[in-house]
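Peer 1:
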Amino acid sequence: KCRSAWSKPAACATFARAQGQRAKTDAIDAPILTAYAGVFTPAPTPVAKPSGKRFSFGAARPGVRRKEEVVLFTRQLATMISAGIPMLESLEILHEQAESKQFRMLLDCVIGDVRGGQDLSSSMGRHPKVFNDVYVSMIKAGEASGQIDDILDRLADYMEASQRLKRDIKSAMTYPVVSLCMIMGITA
Numbered sequence: 258k259c260r261s262a263w264s265k266p267a268a269c270a271t272f273a274r275a276q277g278q279r280a281k282t283d284a285i286d287a288p289i290l291t292a293y294a295g296v297f298t299p300a301p302t303p304v305a306k307p308s309g310k311r312f313s314f315g316a317a318r319p320g321v322r323r324k325e326e327v328v329l330f331t332r333q334l335a336t337m338i339s340a341g342i343p344m345l346e347s348l349e350i351l352h353e354q355a356e357s358k359q360f361r362m363l364l365d366c367v368i369g370d371v372r373g374g375q376d377l378s379s380s381m382g383r384h385p386k387v388f389n390d391v392y393v394s395m396i397k398a399g400e401a402s403g404q405i406d407d408i409l410d411r412l413a414d415y416m417e418a419s420q421r422l423k424r425d426i427k428s429a430m431t432y433p434v435v436s437l438c439m440i441m442g443i444t445a
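Read in order, the letters of the sequence shown correspond to residues 258 to 445 in this note's numbering.
The structure is reproduced here in structure tokens:
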């Protein structure tokens, strides 16, 4: 069953190259990518000729638009795993619930990698713009210790506190910036 109108291996490889990483195409990954191509590649559709424009507003890439979406994903994944739901099933449920198309595409890549036998940490490590080094290292530690639900819960707490701090700093800086602009406007 095709989940979306894009080829999973091509999208994941394009996303990895866009982040400056070399897409894995060695002999180990070739059978996995071939299997994905058969499962996720939709039937060919006619493609319109390019109009000479290089930029497209409709082109979506795997990723995340809002950091809150990653925090919510982390919290929900921790809850599902601690409730005894298997990792792959939890990821698929969260894929269906993802708000943005970009995050759904990213979760498609992660699900495909996990289904192909990779660790969750290595799969998330392929997307450093969304999952930073601390996040990936914590996931790897949770996988090694067998306490990934506790680690995910701690990660969610850390990310929520970090976002709360950033929000408080922004709100604290608003008044001085507005005051400075008004002073500059009055004296000019």
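Just so it is clear, CB atoms sit at the ideal spot from N, CA and C, and this is done for glycine as well.
To the nearest angstrom, how far is the alpha carbon of S436 from that of R323?
Peer 2: Cα to Cα, the separation comes out at about 29 Å.
Peer 1: Closer than 8 Å is the cut-off here; do at least three beta carbon pairs connect the segment 421-428 with the segment 347-365?
Peer 2: Cβ pair count under 8 Å is below three, so no.
Peer 1: Could you tell me if V434 is buried or exposed, where buried requires 16 or more neighbouring beta carbons within 10 angstroms of its beta carbon?
Peer 2: It is exposed - the Cβ of V434 has fewer than 16 other Cβ atoms within 10 Å.
Peer 1: Would you say D390 lies against chain D (beta-carbon separation less than 7 Å)?
Peer 2: This model lacks chain D altogether; it includes just one protein chain.
Peer 1: Under the rule that 16 or more other beta-carbon atoms within 10 Å means buried, what is P307, buried or exposed?
Peer 2: Residue placement at P307 is flagged as unreliable, the pLDDT there being 46, under the threshold of 50; a coordinate-derived value is accordingly withheld.
Peer 1: Going straight from the alpha carbon of V328 to that of E417, what length do you get?
Peer 2: Approximately 7 Å between the Cα atoms of the pair.
Peer 1: By DSSP, does H352 sit in helix, in strand, or in coil?
Peer 2: Helix.
Peer 1: In or out: A207 buried (at least 16 other Cβ within 10 Å) or exposed?
Peer 2: Here the chain has residues from 258 to 445 only, and residue 207 is not among them.
Peer 1: Could you tell me the alpha carbon to alpha carbon distance between M439 and H384, rounded to whole angstroms?
Peer 2: The alpha-carbon atoms of M439 and H384 are separated by roughly 43 Å.
Peer 1: Pick helix, strand or coil for R401, following the three-state DSSP scheme.
Peer 2: Residue identity differs from the one stated: residue 401 is Ala in this sequence, not Arg. Three-state DSSP puts A401 in a helix.
Peer 1: Report yes if the C-beta distance between E349 and D376 is below 7 Å; otherwise report no.
Peer 2: It is not a contact, given that the beta carbons lie outside the stated cut-off.
Peer 1: Within the continuous alpha helix (DSSP H) that includes L380, where are the two ends?
Peer 2: The amino acid occupying residue 380 in the given sequence is Ser; Leu does not appear at that position. S380 -> alpha helix (DSSP H) spans L377 to G382.
Peer 1: Nearest to I408 by alpha carbon, out of L345, A340 and S394?
Peer 2: The residue with the shortest Cα to Cα distance from I408 is S394.
Peer 1: So, helix, strand or coil for T282, using DSSP?
Peer 2: Reliability of the predicted coordinates at T282 is poor, the pLDDT of 39 falling under 50, and the value obtained from them is presented with this limitation in mind. T282 falls in the coil class under three-state DSSP.
Peer 1: Would a C-beta distance cut-off of 7 Å place D406 and I338 closer than the cut-off?
Peer 2: Contact: yes.
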